[in-house]
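Numbering (my numbering), first residue to last: 12 to 321. Here a beta-carbon is modelled for each residue, glycine too, at the ideal position from N, C-alpha and C. Remember, predicted model here, so these are calculated numbers, not experimental data. Presented below is the structure to which this report refers.
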């Protein structure tokens, strides 16, 4: 039997497992994807790479600040400056490096799709792909809209999630084969609310093309969420090229990624949820905010509660 099962290998799940490990408690993380980190992600295409989720991270609390300083000291992260201004900390050589640093020495099962979770008295039952698993304690760290599929629509914790809401984001990744001055544009009122030369971040590979990442605004993302990926490239790429002053013929690569739960617009207001003093917990950035620090804070608070209860 698994002592503590954690569903989801995003920053919340990783932070929870790492804190539990520090306290001598064993956990197993299950994630349906091939990678870890959730939106702290790096897309690799041949020799190219794009940070197509979270662009950087900053710390507001002392505990998380210490984590980032450790990552910088170890080489897993570096400060990102644009126009002599510090934007934040980025993973090195990609944002996914932050998740990998947080995952050191953890037991993570990838490509592991978790089915419904049921209470069996003194243990929890759940399926992983085609096998049945049991655990003494279960921590669910997936986005709030995905929780009902695991616990059922009538579960008391699902009812508590109703105030939580998200906004999607369409992310354009493009490689441009002519010189373009490195720039960062952050304007929530623009159709492309974020434009940055991703390859200008520290410790990125230098080659013949510059790599760009652009995020569509919330309204633009909502309006076009159902379009095919090819249609989304046709929609967003001309906007990026117009903003940068380059022709479409200078683009050597372009693709789009849909983030359905990119931004937490209405957080829960608590660091985590626990079901009636039982061994079932829910957590995520959606509990308290919409950034990496919120995800880490939720996972760490979850772990501390479990450590105290054990």
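Mind reading off the beta-carbon distance from residue i to residue j? Whole number of angstroms is fine, and I expect it under 8 Å.
| i | j | result |
| --- | --- | --- |
| residue 224 | residue 98 | With 8 Å as the limit, residue 224 and residue 98 do not qualify as a contact, their Cβ atoms being about 13 Å apart. |
| residue 188 | residue 261 | 5 Å |
| residue 109 | residue 102 | 4 Å |
| residue 218 | residue 58 | 7 Å |
| residue 150 | residue 21 | Contact doesn't hold; Cβ gap of about 12 Å is too wide. |
| residue 55 | residue 270 | With a Cβ gap of about 17 Å, residue 55 and residue 270 do not count as contacting. |
| residue 48 | residue 107 | 5 Å |
| residue 24 | residue 152 | 4 Å |
| residue 215 | residue 121 | In fact, because the Cβ distance is near 25 Å, the residues do not count as touching under 8 Å. |
| residue 307 | residue 115 | Not really, about 15 Å apart at Cβ, beyond 8 Å. |
| residue 134 | residue 12 | 7 Å |
Which residue comes first and which comes last in the beta strand (DSSP E) that contains residue i?
| i | result |
| --- | --- |
| residue 99 | 96-102 |
| residue 267 | 262-277 |
| residue 180 | 176-187 |
| residue 146 | 142-151 |
| residue 16 | 13-18 |
| residue 170 | Run containing residue 170: none in the beta strand (DSSP E); it sits in the alpha helix (DSSP H), 167-171. |
| residue 90 | 88-93 |
Apply the 10 Å Cβ neighbour rule to residue i and answer buried if 16 or more other Cβ atoms are within range, or exposed otherwise.
| i | result |
| --- | --- |
| residue 92 | exposed |
| residue 72 | exposed |
| residue 80 | exposed |
| residue 154 | buried |
| residue 241 | exposed |
| residue 68 | buried |
| residue 84 | exposed |
| residue 74 | exposed |
| residue 124 | exposed |
| residue 94 | exposed |
| residue 142 | exposed |
| residue 197 | exposed |
| residue 312 | buried |
| residue 164 | exposed |
| residue 64 | buried |
For residue i, which residues in the same chain have their Cβ closer than 6 Å to its Cβ, ignoring the five residues on either side in sequence?
| i | result |
| --- | --- |
| residue 305 | 296 and 299 |
| residue 318 | 34 |
| residue 323 | For the chain, the structure presents residues 12 to 321; residue 323 sits outside this window and is missing. |
| residue 210 | 221 and 222 |
| residue 226 | 180, 182, 204 and 205 |
| residue 76 | 70 |
| residue 252 | 259 |
| residue 314 | 27, 30 and 31 |
| residue 236 | 179 |
| residue 43 | 124 |
| residue 232 | 179, 180 and 181 |
| residue 119 | 20 and 40 |
To which residues of the same chain is residue i closer than 7 Å at the C-beta, ignoring the five residues directly before and after it?
| i | result |
| --- | --- |
| residue 28 | 17, 38, 40 and 117 |
| residue 105 | 53, 60 and 62 |
| residue 162 | 128, 168 and 169 |
| residue 171 | 284 |
| residue 322 | The question about residue 322 has no answer here: the residues shown for the chain are numbered 12 through 321. |
On the DSSP letters alone, give me the boundaries of the alpha helix (DSSP H) that residue i sits inside.
| i | result |
| --- | --- |
| residue 304 | 303-320 |
| residue 222 | Taken as a continuous stretch (DSSP letters only), residue 222 belongs to no alpha helix (DSSP H), being part of the beta strand (DSSP E) at 221-227. |
| residue 57 | First-last for residue 57: undefined, no H or E at that position. |
| residue 83 | 73-85 |
| residue 253 | 240-255 |
| residue 30 | 22-33 |
| residue 51 | Per DSSP, residue 51 belongs to no alpha helix (DSSP H) and is neither H nor E. |
| residue 107 | 107-113 |
Using only alpha-carbon positions, find the residue among the options that is nearest to residue i.
| i | options | result |
| --- | --- | --- |
| residue 228 | 238, 202 and 263 | 202 |
| residue 192 | 107, 256, 108 and 248 | 256 |
| residue 140 | 126, 149 and 277 | 126 |
| residue 173 | 158, 184 and 186 | 158 |
| residue 156 | 273, 57, 288 and 280 | 273 |
| residue 90 | 47, 213 and 265 | 213 |
| residue 321 | 303, 87, 254 and 288 | 288 |
| residue 239 | 132, 266 and 250 | 266 |
| residue 199 | 216, 230 and 115 | 230 |
| residue 303 | 207, 254, 66 and 165 | 66 |
| residue 166 | 292, 207 and 307 | 292 |
| residue 245 | 184, 290 and 137 | 184 |
| residue 280 | 268, 301 and 290 | 301 |
| residue 207 | 254, 131, 282 and 290 | 254 |
Leaving out five residues on either side along the sequence, give the residues of the same chain with a beta carbon under 8 Å from the beta carbon of residue i.
| i | result |
| --- | --- |
| residue 176 | 275, 276 and 277 |
| residue 263 | 186, 187, 188 and 220 |
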